[in-house]
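What follows is a set of notes on a single structure, which appears directly below.
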Amino acid sequence: MNQLPKANTLHPEWDAPKDGDFARYVERLTAPHTVQLPEEPGRVLHAAESLQRARPRTAPAVSSELPDLHSLFKAPLTGMLNFAQLGLMLVVLVQVAVLALAGLGSFLGVAVAVVAWWVVGRWKRALSSAHTPSSPSASPLATLQQQLQALAQEKSKQPPRK
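With my numbering applied, the sequence shown covers 5 to 166.
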């Protein structure tokens, strides 16, 4: 009648577990099957073998903290702001010299360059005086959280209204 063999006789690993642990069954079916080849001199490793050897045996601990972007970008950004401030100072000096010597400059150009120089200086000062997030008591979010906790405790201590 039916000449085809049953699937589980060809592949016994496909048999469902009798205890009903289907999670282990799925993990067993989806596990990577790499055949360990004997070590031979001069044999080139397969890509899967090299990845398996390079991968650590235990799972590394996942860090829940995000990288500190402030300290990462602080030095290059400060350098760029210093360069911009120096360039704006040179623009101011050139415009003042041209205005005084040849009468070709304008007071509006000098004023705009001075304001731009001042704004860049404020950015630089804000960047250097910004707090680091490593101290949780100094962060605004932690301060707000402490204030909210104190307010909640104060509310819970009040007698109930009638």
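Cβ coordinates follow ideal geometry from the N, Cα and C atoms, glycine included.
Asked                                                                                                        : Found
Cβ-Cβ separation, Q99 to G109 (assumed contact under 8 angstroms), whole Å                                   : 5 angstroms
Nearest candidate by alpha-carbon position, reference A101, set D25, G91, V114                               : V114
Cβ neighbours of L103 in the same chain (closer than 6 angstroms, five flanking residues each side left out) : G109
Buried or exposed by the 16-neighbour rule on C-beta atoms within 10 Å, applied to V123                      : exposed
Length-filtered (4 minimum) alpha helix (DSSP H) runs lying within the region 80–165                         : 111–133, 144–161
Helix, strand or coil at K78 [DSSP, three-state]                                                             : helix
Burial state of L92, where buried means 16 or more other Cβ atoms lie within 10 Å                            : buried
Integer Cβ distance of R3 from P36, believed to fall under 8 angstroms                                       : Outside the shown range of the chain, which is 5 to 166, sits residue 3, and nothing can be said about it.
Straight-line gap, R129 to L73 (C-alpha atoms, nearest Å)                                                    : 18 angstroms
Buried versus exposed call for A117 [16 or more other C-beta atoms within 10 Å across all chains shown]      : buried
CB of M145 within 8 angstroms of CB of K78, strictly                                                         : Per the sequence shown, residue 145 should be read as Leu rather than Met. Taking 8 angstroms as the Cβ cut-off, L145 and K78 do not qualify as a contacting pair.
Continuous alpha helix (DSSP H) stretch holding R47: start and end                                           : Careful: R47 lies outside any alpha helix (DSSP H) and carries neither H nor E.
Separation of L55 from V48, as counted between CA atoms                                                      : 13 angstroms
Proximity winner among R57, F26, E158, Q89, relative to R126 (alpha-carbon distances)                        : Q89
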